[in-house]
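Peer 1: Okay, so the sequence shown: first residue is 1 according to the UniProt record's numbering, each after it adds one.
In this text, a Cβ means the ideal position worked out from N, Cα and C, and glycines have one as well.
Right, I'll just put the structure down here and ask away after.
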Amino acid sequence: MKNTPTAVAEPIQSLSSQAVIGCLETLNQGLEFLEKLSSEDYTSIADPHVTSSIGEHYRHWLDLFHAIRLDSDKIDYNVRRRGHSVEREINTAKQEIKQLIEWLFKLPASRLDKVVIVETEVLLSHTCAEEVQSSLARELTFAALHATHHFAMIKVLASLRGIASDNEFGLAPATASYQRAQ
Numbered sequence: 001m002k003n004t005p006t007a008v009a010e011p012i013q014s015l016s017s018q019a020v021i022g023c024l025e026t027l028n029q030g031l032e033f034l035e036k037l038s039s040e041d042y043t044s045i046a047d048p049h050v051t052s053s054i055g056e057h058y059r060h061w062l063d064l065f066h067a068i069r070l071d072s073d074k075i076d077y078n079v080r081r082r083g084h085s086v087e088r089e090i091n092t093a094k095q096e097i098k099q100l101i102e103w104l105f106k107l108p109a110s111r112l113d114k115v116v117i118v119e120t121e122v123l124l125s126h127t128c129a130e131e132v133q134s135s136l137a138r139e140l141t142f143a144a145l146h147a148t149h150h151f152a153m154i155k156v157l158a159s160l161r162g163i164a165s166d167n168e169f170g171l172a173p174a175t176a177s178y179q180r181a182q
């Protein structure tokens, strides 16, 4: 990993799950990016291009990780913290990411293959939640990839404010593999 904070760089080599390592890479990318921003950058809305702030994007993808962490048997992605301080306070986002990193380091590998029930809304036209079976490893992978998707949008928001970001920020793992193969 490029530019990994020292607190995470050493122990990451000993983790056995690639899904957890991928989550740690993603969380570290998100944390490193926040170091480039001011509080104003974090809460600014680039209207009319985008109607949400960088902070709102962070809250959204952090909510997915929180839903996974909240309950070991059922993951409810409908639990959202819209309007939460994490949308407005950059230091709250930094702290939440650090807590998720600590949690992942303590997560027993034996839990990763555990079957979990996932609940999520599936229709735009009316309220309809669906429950499906999954595994903790699969849902962690989903949350990391979803965060990367939001990083790509955040990168655009930042560029509109004149903030440069690393080439890897918002780059999907499959795209990185494709580029390495070229």
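#1: Look up residue 106 in the DSSP assignment and say whether it is helix, strand or coil.
#2: Can you name, in chain order, every residue of its own chain whose Cβ lies under 6 Å from the Cβ of residue 122, other than the five neighbours on each side?
#3: Have a look at residue 55 and residue 74 and give me their C-alpha separation to the nearest angstrom.
#4: If residue 100 and residue 27 are in contact, beta carbons under 8 Å, what's the gap, nearest whole angstrom?
#5: Provide the residue(s) that pair with residue 74 in DSSP beta bridges, ordered along the chain.
#6: Would you tell me roughly how many angstroms separate the C-alpha atoms of residue 50 and residue 67, rounded to the nearest one?
#7: Helix, strand or coil: how does DSSP classify residue 159 here?
#8: Please report the Cβ distance between residue 22 and residue 109, rounded to the nearest whole angstrom; I am assuming they are in contact, meaning their Cβ atoms lie under 8 Å.
#9: What residue from 169, 180, 71, 157 has the CA that sits closest to residue 40's CA?
Peer 2: The structure says:
#1: Working through the sequence shown from its first residue, we reach residue 106 at position 106. Residue 106 falls in the helix class under three-state DSSP.
#2: Along the sequence shown, read from residue 1 onward, the residue named residue 122 stands at position 122. Cβ neighbours of residue 122 beyond the five flanking positions: 128, 130.
#3: Counting from 1 along the sequence shown, the entry for residue 55 is found at position 55. Counting from 1 along the sequence shown, the entry for residue 74 is found at position 74. Roughly 27 Å separates the two Cα atoms.
#4: Reading the sequence shown from its first residue, position 100 is the one you call residue 100. Reading the sequence shown from its first residue, position 27 is the one you call residue 27. Yes, they are in contact, since the Cβ atoms of residue 100 and residue 27 sit about 6 Å apart, within 8 Å.
#5: Within the sequence shown, numbered from 1, the residue matching residue 74 stands at position 74. 117, per the DSSP bridge assignment.
#6: Here residue 50 refers to the residue found at position 50 when the sequence shown is read from its first residue. Here residue 67 refers to the residue found at position 67 when the sequence shown is read from its first residue. Between residue 50 and residue 67, the C-alpha separation is close to 26 Å.
#7: For the purposes of this step, residue 159 is taken as the residue at position 159 of the sequence shown. Residue 159: helix per DSSP, three-state reduction.
#8: Walking along the sequence shown from the start, residue 22 turns up at place 22. Walking along the sequence shown from the start, residue 109 turns up at place 109. About 14 Å; that fails the 8 Å criterion.
#9: Here residue 40 is taken as the residue at index 40 of the sequence shown, counted from 1. If we check each option's Cα against that of residue 40, 157 comes out closest.
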